[in-house]
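Report on one structure; see the data block that follows.
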Amino acid sequence: LFGGRRAAARSSSSAAAVFERRFASAATKNSYDEILTSLAKPGGGADFGKYYSLPALADPRIDRLPYSIRILLESAIRNCDEFQVTGKDVEKILDWENSATKQVEIPFKPARVLLQDFTGVPAVVDLACMRDAMSKLGSDPNKINPLVPVDLVVDHSVQVDVARSENAVQANMELEFSRNKERFGFLKWGSTAFNNMLVVPPGSGIVHQVNLEYLARVVFNNGGILYPDSVVGTDSHTTMIDGLGVAGWGVGGIEAEATMLGQPMSMVLPAVVGFKLSGKLRNGVTATDLVLTVTQMLRKHGVVGKFVEFYGGGMGELSLADRATIANMAPEYGATMGFFPVDAKTLDYLKLTGRSDETVAMIETYLRANNMFVDYKQVISYFI
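The sequence shown lines up with residues 1 to 384 when you count with the UniProt record's numbering.
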């Protein structure tokens, strides 16, 4: 009996090694490396890095793609290994005008994953269990790590026991730490044990606000390769980040974990509903009035399973707070996301929230070079 168990363990270990070798060799050279282009800094000097240039494809269909679909296209091109993402998938997105009406499935690899402690703890537990399994198979458990950046914000454990007192915040924080000592200790271990994992401690703020003000990159620079930020989160209101020009929406725990482990999401290439904003709010009309009106209009129109993309000169009159509020309501009007492309107002907000001048310059230069930056004099308004 014990000999059989040892043989089974050796067999499992051997199978794990074979799988690792096959997986490592599966990815081939990206067939779109020919459009990998250096991004020069406006003032000269060293380049910001390299990026997969959509204009270099010289495909006229790209100019007719909504900005949100261009993010999906760039992701497919950058991750095209003819294994998880193929050239056929890229072509489906390029042919979005025809594909979007046919329920065509595409793979999408988000740039990062956003978790909160209520749904994030089980994900970290699963990673820890995978490490235990690797150890039992005789392999290195430290090989189990998220393959994309994972941000976990602890914000769902707070309770208000003390109020109307000058020490209320401190008292509630102490009670929160006391009640959740084991959970918080486990998450602290996870933040140091796993690569690519950031845990934002309790008391830092609500997950979506932290994501907007601190975590969102807008444009990643990963090893010298630049690409748009995108995120999936285990909270339906992850869509709030769409107000910052970052494509993001809520998913289930299994999808989030699969993304963490480098697997592409399978999604139907969505139709896009354009929402044109003109003019500006009159005196006495609040942002809440606007948000509720937009939600009512979109519910009536029917946008379930679709992207909503806002455009037009009126977009420039909205603050980032207003945009984020409208985007945050996407689950209420049924859209996968309500997307505001990056413009000058977005850049101002990034500076306001402490992003460095060089980071903001990189974001603007990249998005302009890759035709993802909104100029109100040149608005794409061709949507289905």
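Ideal placement from N, C-alpha and C gives every residue a C-beta, glycine not left out.
Fair warning: this is a prediction, and the values are worked out from it, not measured in the lab.
Query	Result
Which first and last residues belong to the beta strand (DSSP E) in which Ile225 is found?	Ile225 to Pro228
Quick one: grab the DSSP three-state call for Gly248.	strand
Given a cut-off of 9 angstroms on the beta-carbon distance, is the pair Gly141 and Met265 in contact?	Checking the displayed sequence, the identity of residue 141 turns out to be Pro instead of Gly. No. Outside cutoff.
If you draw a straight line from the C-alpha of Gly243 to the C-alpha of Leu226, how long is it?	21 angstroms
Can you tell which of Asp81, Thr359, Gly245 and Leu281 has its C-alpha closest to the C-alpha of Leu320?	Gly245
How is Ile384 classed by DSSP in three states: helix, strand or coil?	For Ile384, the pLDDT reaches just 42, beneath the cut-off of 50, and the residue's location in the model is therefore unreliable, although a value from the coordinates is still provided. Here Ile384 sits in coil by DSSP.
So, at 7 angstroms on beta carbons, what are the nonlocal neighbours of Ile144 in its own chain, with the 5 sequence-adjacent residues on each side left out?	Leu127, Met130, Arg131 and Met134
Relative to the C-alpha of Phe307, which residue among Leu152, Gly248, Tyr51 and Ala256 is closest?	Gly248
Determine the DSSP secondary structure at Ser207, reduced to helix, strand or coil.	Checking the sequence shown, residue 207 turns out to be Val, not Ser. Three-state DSSP puts Val207 in a helix.
For Phe83, count neighbouring Cβ atoms within 10 angstroms of its own Cβ and tell me buried if that reaches 16, exposed if not.	exposed
So what does DSSP say about Ile144, is it helix, strand or coil?	coil
Can you name the residues that DSSP bridges to Val150?	Val113 and Met197
Measure the C-alpha to C-alpha separation of Thr295 and Ser236 and round it to an integer number of angstroms.	16 angstroms
Might you give, ordered along the chain, the residues of its own chain that have their beta carbon closer than 8 angstroms to the beta carbon of Asn196, omitting 5 neighbours on each side?	Asn145, Pro146, Leu147, Val148, Pro149 and Val150
Identify every run of the alpha helix (DSSP H) within the segment 262-320, keeping only runs that are complete inside it and at least 4 residues long; order them along the chain.	287-301
Quick check on Phe177: does DSSP put it in helix, strand or coil?	helix
Taking the C-alpha atoms as reference points, what is the distance between Gly262 and Cys80?	13 angstroms
Could you give the distance in angstroms between the alpha-carbon of Glu97 and the alpha-carbon of Ala171?	56 angstroms
Evaluate contact between the segment 274-288 and the segment 357-375, counting only Cβ atoms and requiring at least three cross-stretch pairs below 8 angstroms.	no
When we look at the beta-carbon of Phe2 and count the other beta-carbons within 10 Å, is it buried (16 or more) or exposed?	The predicted position of Phe2 is uncertain, since its pLDDT is 45 and thus under 50; no value can be drawn from it.
Check Asn221 in the structure and name its three-state DSSP category.	strand
Near Gly203, what residues of its chain come up, given a Cβ to Cβ distance below 6 angstroms and the 5 sequence neighbours on each side ignored?	Met173
For Val153, collect the residues of the same chain with a Cβ closer than 6 angstroms to its Cβ; drop the 5 residues on either side in sequence, then sort them by chain order.	Gln116, Val200, Val207 and Val210
Can you tell me whether Lys136 is buried or exposed, with buried defined as 16 or more other CB within 10 angstroms of its CB?	exposed
With a threshold of 8 angstroms (Cβ to nearest heavy atom), would Pro146 be considered close to the ligand NAP?	Annotation note on the ligand NAP: not contained in the displayed structure, which lists no ligands.
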